[in-house]
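Okay, so here's the structure we're looking at.
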Amino acid sequence: MNPPDEVSAGDLIFVARAVRTRGLKGELVAELLTDFPERFERVTRLVGMAPGGERKEVELENYWFQNARLILKLRNYDTVEAANTLVGFEFGLPEEEQVQLPADEFYEWQLAGCSVENADGSVIGKVRDVMRTGGVQLLVVDDGAQHEHLIPMARDIVIKVDIRARKILIDPPEGLLDL
12 MNPPDEVSAG
22 DLIFVARAVR
32 TRGLKGELVA
42 ELLTDFPERF
52 ERVTRLVGMA
62 PGGERKEVEL
72 ENYWFQNARL
82 ILKLRNYDTV
92 EAANTLVGFE
102 FGLPEEEQVQ
112 LPADEFYEWQ
122 LAGCSVENAD
132 GSVIGKVRDV
142 MRTGGVQLLV
152 VDDGAQHEHL
162 IPMARDIVIK
172 VDIRARKILI
182 DPPEGLLDL
């Protein structure tokens with residue numbers, strides 16, 4: 012693992028975002044940003060990243076889940092005032108600590124920047140984001156000409172995702188790219 016001060020924001024997997032303080036002992040209520048909450052069982056240190064880019068390494072003293080939120084207790088943040096300095100921070104782990112997925116699955120953050128190509132070989136653009144809609148997720152693809160395409164992550168449309176090659180092959184139905 013890289014020392015936390017050598018890890019850039021691009022090398023982090025963000026697992027939580029502090030949204031407010033809780034109680035009088037410096038606890039933080041955090042939004043969970045991982046699909047693997049069980050990973051906190053093995054976490055002892057986190058890298059905090061402020062909205063402005065400031066970084067802080069913090070030690071996880073304790074955590075628990077309350078409703079759909081994560082409660083964090085960080086060592087040396089023992090008052091409401093101290094914990095309040097971390098509200099808005101996103102907490103991450105070095106990328107090499109990611110949970111390994113099966114070969115045909117991938118993380119949303121791995122799709123950002125991937126080239127999207129049509130089955131005929133024409134380049135559509137690059138993935139800027141993945142949009143969650145409550146149903147099928149959408150790839151948000153910029154074509155380089157100020158146009159945005161929304162491509163459903165349906166198996167019959169997204170034919171192949173090659174994370175190593177940073178390439179996504181699609182077979183869109185007629186008219187999808189004209190929207």
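Numbers in this note's numbering are just positions in the sequence shown, counted from 1, shifted up by 11. Note that the Cβ used here is the ideal one computed from N, Cα and C, for glycine as well.
If the criterion is Cβ atoms closer than 8 Å, does the pair residue 108 and residue 25 meet it?
no
By DSSP, does residue 31 sit in helix, in strand, or in coil?
strand
With distances taken Cα to Cα, identify the nearest neighbour of residue 89 among 77, 116, 46, 33.
33
Three-way DSSP call (helix, strand, coil) for residue 94 in this model
helix
CA nearest to the CA of residue 149, picked from 157, 103, 140, 156:
140
Where do the ends of the alpha helix (DSSP H) carrying residue 122 lie?
119-122
Run the CB neighbour count on residue 137, radius 10 Å, all protein chains shown included, and call it buried at 16 or more, exposed below.
buried
Provide the residue(s) that pair with residue 43 in DSSP beta bridges, ordered along the chain.
27
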